[in-house]
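Here is the structure we will look at, set down as structure tokens.
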Amino acid sequence: MKTRRFSGNGRAFALLFFLCTVAATPGSRIRAEVDAPGLAEAVRSYKGRVVLVNFWATWCIPCREEFPSLVRLQSTFGPRLQVLGVSTDFARERPGVEKFLAEEKPNFPNYHKRSGGDDEDFIEAVDPKWGGELPFSVLYRRDGRKAKVLSGQQSYASFEREII
Numbered sequence: 001m002k003t004r005r006f007s008g009n010g011r012a013f014a015l016l017f018f019l020c021t022v023a024a025t026p027g028s029r030i031r032a033e034v035d036a037p038g039l040a041e042a043v044r045s046y047k048g049r050v051v052l053v054n055f056w057a058t059w060c061i062p063c064r065e066e067f068p069s070l071v072r073l074q075s076t077f078g079p080r081l082q083v084l085g086v087s088t089d090f091a092r093e094r095p096g097v098e099k100f101l102a103e104e105k106p107n108f109p110n111y112h113k114r115s116g117g118d119d120e121d122f123i124e125a126v127d128p129k130w131g132g133e134l135p136f137s138v139l140y141r142r143d144g145r146k147a148k149v150l151s152g153q154q155s156y157a158s159f160e161r162e163i164i
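So for the sequence shown, the numbering used here puts the first residue at 1; every next one is plus one.
Printed below as a string of structure tokens:
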């Protein structure tokens, strides 16, 4: 039985294909650091879809437990829904965030809250009633207006009820 090995250009092509595939996975890495105005712009870019923004952290056990429900929601609702994740971990914890995302393989974009600035200003801009607790989710209508805030860990069923 003959076998072929990648060599030269073939090996380079295989490596490039692998890297592009990994990079193309929507949430497998942090897309960018984001501040409140940047997050608002990201939400606006999905006008026409319901958008669910979920704030989480790797040290937050309820956030970690809730994460698979977010992946399932994105799969179930497809083009009608856009889930956006926002890690609130400190910048120095970013390697742990990347590791978590690599393990969870989310099918939606994830951002990292920009370091610096006042956390209270960020929280206030997201929702004036938010006390900073995690997990925390904000649901936006198709027209981009805020529909509901969901504080604390949510089940798949509770998310689904709010989206439908």
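Ideal Cβ placement from N, Cα and C applies to all residues, glycine included.
Annotation for Ser87: no alpha helix (DSSP H) segment contains it, though the beta strand (DSSP E) segment containing it runs 81-87. DSSP, read as helix, strand or coil, puts Lys113 in strand. Taken atom to atom, the span from the alpha-carbon of Glu98 to that of Tyr111 is near 11 Å.
Separation of Ser158 and Pro79 (C-alpha to C-alpha, rounded to the nearest whole angstrom) is 20 Å. In the structure shown, the three-state DSSP call for Glu133 is coil. In the DSSP annotation of this structure, the continuous segment of the alpha helix (DSSP H) that includes Ser69 starts and ends at 61-77.
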